[in-house]
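In full-length UniProt numbering, the protein residues as written are 1 to 918.
Even glycine gets a Cβ: it sits at the ideal position worked out from N, Cα and C.
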Amino acid sequence: MLSRSRSRSPIPPTAATAISINALRDAIKSFQNCLEPDQKARLEAIKAVPDAHAVAQFTYQLDQENAKRKSRCVAARISPLLDSVQQFSGIVETFVSSNPHIAALVWGSVKLVLQIASNFTTYFDNLSALLMTIGKRCPKFQEYQKLYRDSTDLQKVLCDFYSVVVRCCEQAIIVLRRPGYIQLLKSVTSSFNVDFAPIITQIDRHSEEVKETIRLAEAKLNVAERQDQRTEREAAEKYRLSSMLYRKEREKIEADWAAQMQLEKRKIRQASKLEQFSDYNHKIAYWKARTRRHGSTGQWLTQTDEFKQWMTGSVPSVFWFTGILGSGKTVTTAFVVEQLSAKSMQGSEKLVYFFCQYDNETSLKATTILRSIIRQLLNQDDRIFTEHQSKIDALLDNLYDLGLLEVLLSDVVNCLQSVVVIIDGVNECSEPEMKLLLKTLSKLRKSCGLKLYLAGDDRITSMIMLFLEPSFVVNTHTPEAGTDLQELIHQLVSARREDGDLKTGDPSLYQDIVDILCTASQGMVLWVKFQLEEICSQKTDEDIRRALDHLPKDLSETYNRLLSRIVDEGSEEVCKKVFHFMAAAKKPLSPEELGEAISVVPCQPYFMPERLLNDSDGIVRWCHGLVAFDELDENLQFTHSSVKDFLCGLATEQSTLPGFHFQQDEADRQFGECFSFLGILPSLANQSKSSWYEALLALEHHDLDEALRGAGTRWLEKLTMTERLIMLAKVVETDHIGLLKVKTVLVELRLDPYREFVDHGKPTTLLEKLLRDEDTENLRAVCKAMVASNTSFERKLGLTGRTALHVAAILRRYIAVGILLDHGADVDAIDDDGRTALHLAIKGDASTTDNSDVLNSVSQLLIAGASLDVRDLQGRVALDYASRDFKRPLREQFKTYRIFLDTNKERSRPKITTPWPL
Numbered sequence: 001m002l003s004r005s006r007s008r009s010p011i012p013p014t015a016a017t018a019i020s021i022n023a024l025r026d027a028i029k030s031f032q033n034c035l036e037p038d039q040k041a042r043l044e045a046i047k048a049v050p051d052a053h054a055v056a057q058f059t060y061q062l063d064q065e066n067a068k069r070k071s072r073c074v075a076a077r078i079s080p081l082l083d084s085v086q087q088f089s090g091i092v093e094t095f096v097s098s099n100p101h102i103a104a105l106v107w108g109s110v111k112l113v114l115q116i117a118s119n120f121t122t123y124f125d126n127l128s129a130l131l132m133t134i135g136k137r138c139p140k141f142q143e144y145q146k147l148y149r150d151s152t153d154l155q156k157v158l159c160d161f162y163s164v165v166v167r168c169c170e171q172a173i174i175v176l177r178r179p180g181y182i183q184l185l186k187s188v189t190s191s192f193n194v195d196f197a198p199i200i201t202q203i204d205r206h207s208e209e210v211k212e213t214i215r216l217a218e219a220k221l222n223v224a225e226r227q228d229q230r231t232e233r234e235a236a237e238k239y240r241l242s243s244m245l246y247r248k249e250r251e252k253i254e255a256d257w258a259a260q261m262q263l264e265k266r267k268i269r270q271a272s273k274l275e276q277f278s279d280y281n282h283k284i285a286y287w288k289a290r291t292r293r294h295g296s297t298g299q300w301l302t303q304t305d306e307f308k309q310w311m312t313g314s315v316p317s318v319f320w321f322t323g324i325l326g327s328g329k330t331v332t333t334a335f336v337v338e339q340l341s342a343k344s345m346q347g348s349e350k351l352v353y354f355f356c357q358y359d360n361e362t363s364l365k366a367t368t369i370l371r372s373i374i375r376q377l378l379n380q381d382d383r384i385f386t387e388h389q390s391k392i393d394a395l396l397d398n399l400y401d402l403g404l405l406e407v408l409l410s411d412v413v414n415c416l417q418s419v420v421v422i423i424d425g426v427n428e429c430s431e432p433e434m435k436l437l438l439k440t441l442s443k444l445r446k447s448c449g450l451k452l453y454l455a456g457d458d459r460i461t462s463m464i465m466l467f468l469e470p471s472f473v474v475n476t477h478t479p480e481a482g483t484d485l486q487e488l489i490h491q492l493v494s495a496r497r498e499d500g501d502l503k504t505g506d507p508s509l510y511q512d513i514v515d516i517l518c519t520a521s522q523g524m525v526l527w528v529k530f531q532l533e534e535i536c537s538q539k540t541d542e543d544i545r546r547a548l549d550h551l552p553k554d555l556s557e558t559y560n561r562l563l564s565r566i567v568d569e570g571s572e573e574v575c576k577k578v579f580h581f582m583a584a585a586k587k588p589l590s591p592e593e594l595g596e597a598i599s600v601v602p603c604q605p606y607f608m609p610e611r612l613l614n615d616s617d618g619i620v621r622w623c624h625g626l627v628a629f630d631e632l633d634e635n636l637q638f639t640h641s642s643v644k645d646f647l648c649g650l651a652t653e654q655s656t657l658p659g660f661h662f663q664q665d666e667a668d669r670q671f672g673e674c675f676s677f678l679g680i681l682p683s684l685a686n687q688s689k690s691s692w693y694e695a696l697l698a699l700e701h702h703d704l705d706e707a708l709r710g711a712g713t714r715w716l717e718k719l720t721m722t723e724r725l726i727m728l729a730k731v732v733e734t735d736h737i738g739l740l741k742v743k744t745v746l747v748e749l750r751l752d753p754y755r756e757f758v759d760h761g762k763p764t765t766l767l768e769k770l771l772r773d774e775d776t777e778n779l780r781a782v783c784k785a786m787v788a789s790n791t792s793f794e795r796k797l798g799l800t801g802r803t804a805l806h807v808a809a810i811l812r813r814y815i816a817v818g819i820l821l822d823h824g825a826d827v828d829a830i831d832d833d834g835r836t837a838l839h840l841a842i843k844g845d846a847s848t849t850d851n852s853d854v855l856n857s858v859s860q861l862l863i864a865g866a867s868l869d870v871r872d873l874q875g876r877v878a879l880d881y882a883s884r885d886f887k888r889p890l891r892e893q894f895k896t897y898r899i900f901l902d903t904n905k906e907r908s909r910p911k912i913t914t915p916w917p918l
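Right, dumping it as structure tokens:
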């Protein structure tokens, strides 16, 4: 969002700020010195810091250049790094006025190197893989955005990190100049890794430093924030009283600077609320889809008359792109997004997109999709956010209220001149979720300026027609798609030939392979890729021709043949376990995690390291393409949703190996059974525990009770901080007396009560979890531990901008309010909107007919000395939030407790365990 405010003046630098960028400035200077004169001129020509559109435009240009090479598109590999550099450049530009071009030069260094390297196919492939690895280690913008301004330590470590990125660019130029380097790289790929190994080591070290500095900066910010807010209010009051006495230039500069700070704070609050509104990263699935496109293929849809008419039409319309399983719809849709993202969108014209992922349950919820779309729209226009802020605030406490989401989305869309909404993989959603989504979209489809694009399996076409009545329908069986598939097959065969994966004695056999695959493909890209894998595995020309003469007719027959090969090679048992665990896991697993999981046999007497896979990376090879390794996430996943559907169902007459088929509930049960005997966990002192931890979370409450009570507590020390928090949340829910010891140990294991984790699909913290729990003794135990470890009660819970006391007041948990105040919570701490707990407790009275809990919470706060005169950012005191009928009893209560406080100034606040009399 910072990228849209280029006109603002940089914040005045300090000596500390100048020191913090030394490493970055030195790296850029060194990079400039290594360039040839013409390269240096190209770098100097990059003057502007990019916005998100510039990044999209650049990656599109790279892919278009890559199309000439007819190899796999790699721009998506580097997109995470480019996004990170763009966001960092935007924020560093604000704080570095001593050298206004330094931010642009960070971006320019990366851009220039990619442009140069793109001329060398093998080198570019290796470099893009390296930059993808660096991109995974880049700091997350939302984690440091609000901390950067006030932390010189954070400014320094961030500049140090990105200075290593610039050093990497310098190394990329240097090695490319070595005589014969490209030829060496083609024959000895390890030479690249040797050249860049020190860079990765530095990236890893600086990445850890950034994470630790962010943690410390956040703690310092929360401790100092309250004092800063008091100081600002006092300064503002003094400034108001002396308004006519001083008009010097220095005061004007200070006032301008203060206004700039307020603007930055408002933007940070806005970003925080948007992150709370939807924390789903919609870009990841898009990046994955882009990596599967080859050369110039996948572009045919944008050249059809139907698509052009849909895009250029002046009336709202729906475009339905459909086809059979595995026909390349997602890859084609990804190019649609890529092309439209690179196009210059005018003013109020917006593009938003969402790719459903079959192996990510969160992405298949209607509310997740709608919230992501709304957030993308709000994130592109500050004006729209401001106009709808009250509705956004209301939704923050009701994120799954579909009715409120529909109203907000409709209002936002109607504010814009043109909105393009693209949703891929609708058919991956369950039928109830699909209907909820389509009903919402059907209410919007007549909105002025809305262009809606959906892609999915042709089996749901009738449902799409019923709800949305699309004006344009394109199927993957069109002649244009057929021509594109033929070109794709040609490029895939050529790429395998160049890589050495496909070798023939007779050169004419290559064309035979292309011709036969084109004829037999029936429009299925997925089918073609499986057959090509089979052909590449053949040893002789005769074997290849035999394989071509006996190609499977469809995906089911293809999967049966692959399962037969698994059996023939003796990998049946290990692959069955792989399939079961992958189907049961709630999120994709890494090769190491999956390898650990399948090594366990139910009721084994002790941990047996000899059962661990010696080569967990071999899982993909053993499964013969039914399982794939995702290089972006570094996890394993089924190659396609149809693979899971084929395995996870009763065997049919088409199934030649029924032993591989299973029901989903069977896989879930076996996943739990495998870990039900957990007495061996204490012996895992020197072993990885990721699989055990995942298994515990998958157990039902009564099974968890039995498992944990039989497992002891020593294994808990092996959990990470986040895992301890999630496990404690699970134990709190189970609430069995037998788990008291486990609960006690978890509390004592130096828990960070503010660390976020996902609980039932929603982000939360331990404190917030306990505030909502009926058993307040858990909260009391954690508060006691917080006091013992000097943990502040004024830190904010996640992205809400509120302290634990604020949340307790909103929830009207008066006993929790008392516990927090007993342990030292600041009664007058304010949230990002300037509201105290008293504001928030009273604000909640409108949503309930029973105000007794509100009055009890107010009583607790008043006795603790809550100020009645604090005004929030809208200038309202706490009483202003009360409903008309509630103001009278509140005024009486205020009057009573003013007297109480005046006459009991030396008395400590009494501990409250029962409701106050009203």
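According to the Cβ coordinates, are residue i and residue j closer than 9 Å?
i, j, result
"V817", "L879", "no"
"Y754", "L797", "yes"
"A455", "T291", "no"
"D153", "L105", "no"
"S118", "W107", "no"
"N475", "T322", "yes"
"L158", "P179", "no"
In its own chain, which residues sit with a C-beta less than 6 Å from the C-beta of residue i, not counting the 5 before and 5 after it?
i, result
"H477", "G523"
"Q687", "Any answer about Q687 is weak, because its pLDDT of 38 lies below 50 and its placement is not dependable; what the coordinates show is given next. None."
"I200", "none"
"I173", "C34"
"S372", "S278, Y280, H282, F354"
"T848", "Only weak support exists for where T848 lies, its pLDDT of 48 falling under 50; the coordinates are left without a value."
Work out the CA separation of residue j and residue i for me, nearest whole Å.
i, j, result
"N33", "V164", "16 Å"
"K121", "C73", "The question names Lys, but residue 121 in the sequence shown is Thr. If I take the Cα positions, the gap works out to 11 Å."
"E774", "L408", "33 Å"
"I460", "Q531", "28 Å"
"G135", "L114", "14 Å"
"V420", "A23", "43 Å"
"G214", "I21", "Contrary to the premise, residue 214 reads as Ile rather than Gly in this sequence. Between I214 and I21, the C-alpha separation is close to 17 Å."
"G738", "I535", "A caution first: G738 carries a pLDDT of 47, below 50, which makes its placement in the model unreliable, though a value can still be read off. C-alpha separation (whole angstroms): 58 Å."
"L868", "D828", "10 Å"
"T367", "L404", "11 Å"
"R611", "N560", "28 Å"
"V858", "A785", "26 Å"
Ordered along the chain, which non-local residues of its own chain (more than five positions away) have a Cβ less than 7 Å from that of residue i?
i, result
"R835", "D872"
"K111", "I46, F58"
"H388", "L408, D411, V412"
Can you tell me where the alpha helix (DSSP H) holding residue i begins and where it ends?
i, result
"S317", "Per DSSP, S317 belongs to no alpha helix (DSSP H); it is in the beta strand (DSSP E), 317-323."
"S341", "329-342"
"L395", "389-396"
"D111", "The sequence given here has Lys at residue 111, not Asp. It spans 102-117 - the alpha helix (DSSP H) in which K111 sits, taken as one unbroken run."
Measuring from the CB of residue i, is there a heavy atom of the ligand GTP at a distance below 8 Å?
i, result
"C356", "With respect to small molecules bound, the structure shown includes none, and the ligand GTP cannot be examined in it."
Looking only at its own chain, which residues have a Cβ that is under 8 Å from the Cβ of residue i, when we skip the five neighbours before and after it?
i, result
"F581", "L589, L594, A597, I598, A667, F671"
Which residues bound the beta strand (DSSP E) around residue i?
i, result
"K451", "450-457"
"A628", "627-630"
"E349", "349-355"
"Y859", "Before going on, a small fix: residue 859 reads as Ser here, not Tyr. Where S859 is concerned, there is no enclosing beta strand (DSSP E), although the alpha helix (DSSP H) it sits in stretches over 852-863."
With a cut-off of 8 Å, do at least 3 Cβ pairs link the segment 460-480 to the segment 423-442? Taking one beta carbon from each stretch, the segment 460-480 and the segment 423-442 have 3 or more pairs nearer than 8 Å; the two touch.
Would you be able to state if there are at least three C-beta pairs under 8 Å between the segment 355-368 and the segment 513-528? Because the criterion of three Cβ pairs below 8 Å is not met, the segment 513-528 and the segment 355-368 do not touch.
Would you call the segment 300-307 and the segment 496-510 touching, i.e. three or more CB-CB distances under 8 Å? Touching, no, given that fewer than three Cβ pairs across the two stretches are closer than 8 Å.
Stretch pair the segment 384-398 + the segment 429-438: three plus CB contacts closer than 8 Å: Counting Cβ pairs under 8 Å, fewer than three are found: no touch.
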